[in-house]
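In our numbering, the protein residues as written are 3 to 197. These notes concern the structure reproduced below.
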Amino acid sequence: MDEWEKKRDVMRRYDSSANVYDDCYSEEQNAKIDAAMKRLNMQKGFRLLDLGCGTGMSFCHVSNKAGAIVGLDISRKMLVHARKRTEVYHGVELVLADADNTPFKNNVFDLLLAVTLIQNAPNPLRTLKEAGRVLKTAAPLVVTGLKKKFSRAAFEKLLHNAGLEVIILKSDRLKCYVAVCTNSTRNTLSLKSKG
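The structure is reproduced here in structure tokens:
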């Protein structure tokens, strides 16, 4: 199966599950986003890209501080559900696009979320490099890796090969590793103290 066929398969799977996605996965998805956002100290007005935003579950976690939220997904039906959330959380734009070929300039976003994305990517390294391209230098990238797809070592190696520096890697009771990374060795990332 070639790369685009794999992407079409992912799109079809998420299109077919869009109506029940939140009921099935909201607890796990929200736990992943919470795990990362509790560690970040984002200044009010930041620009967020949620790469593979799905139904827009992240919007409630960031809307009180974000100046702009962009949700990008390859599944039109997932974005239909995300659109419903934009009625509650303002300042959200939705984009139907491929995570490997985003329509954004370099160095645009202050924070990027890639939750439940890379295990569905035919080429996760390419996806992460694209994420790093649109992220401002030394800005945080939150990325998750499904444990049944990646060993911890393989996940860390993938992040490293994408030019990302892992600041925090959580692997507790979630089904995924949750990493907070930066795309620069000039780590100016402001994190909240644990406690």
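Ideal Cβ placement from N, Cα and C applies to all residues, glycine included.
Span of the beta strand (DSSP E), counted from its first residue to its last, around residue i
i, result
"K172", "167-172"
"D75", "68-75"
Extent of the continuous alpha helix (DSSP H) to which residue i belongs
i, result
"E95", "No alpha helix (DSSP H) contains E95, which is instead part of the beta strand (DSSP E) from 94-98."
"C62", "61-64"
"V182", "From DSSP, V182 is part of no alpha helix (DSSP H) but of the beta strand (DSSP E) over 178-184."
"P142", "It is not in any alpha helix (DSSP H) - P142 instead sits in the beta strand (DSSP E) that spans 142-148."
"L160", "154-163"
"L130", "126-136"
7 Å CB neighbourhood of residue i in its chain, flanking five on each side removed
i, result
"K149", "K177, C178, Y179"
"R135", "N108"
"C55", "G73, L74, D75, A84"
"A133", "L53, L114, A116, L143"
"P126", "I120, L160"
CB of residue i within 8 Å of CB of residue j, strictly
i, j, result
"E28", "L115", "Correcting the residue identity first, residue 28 is Ser in this sequence and not Glu. No; because the gap between Cβ atoms is not below 8 Å, this pair is not in contact."
"R85", "L96", "yes"
"A101", "A123", "yes"
"V144", "V168", "no"
"Y113", "P142", "According to the sequence as given, residue 113 is Leu; it is not Tyr. Taking 8 Å as the Cβ cut-off, L113 and P142 qualify as a contacting pair."
"A33", "K172", "no"
"T139", "L166", "no"
Proximal residues to residue i (C-beta, below 6 Å), its chain only, five neighbours per side dropped
i, result
"K67", "M44, K46"
"M13", "I76, S77"
"Y16", "S77, M80"
Which residues DSSP lists as bridging residue i, in chain order
i, result
"L81", "According to DSSP, L81 bridges with nothing at all."
"R49", "A70"
"A123", "Answer by DSSP bridge pairing: none, since A123 is not bridged."
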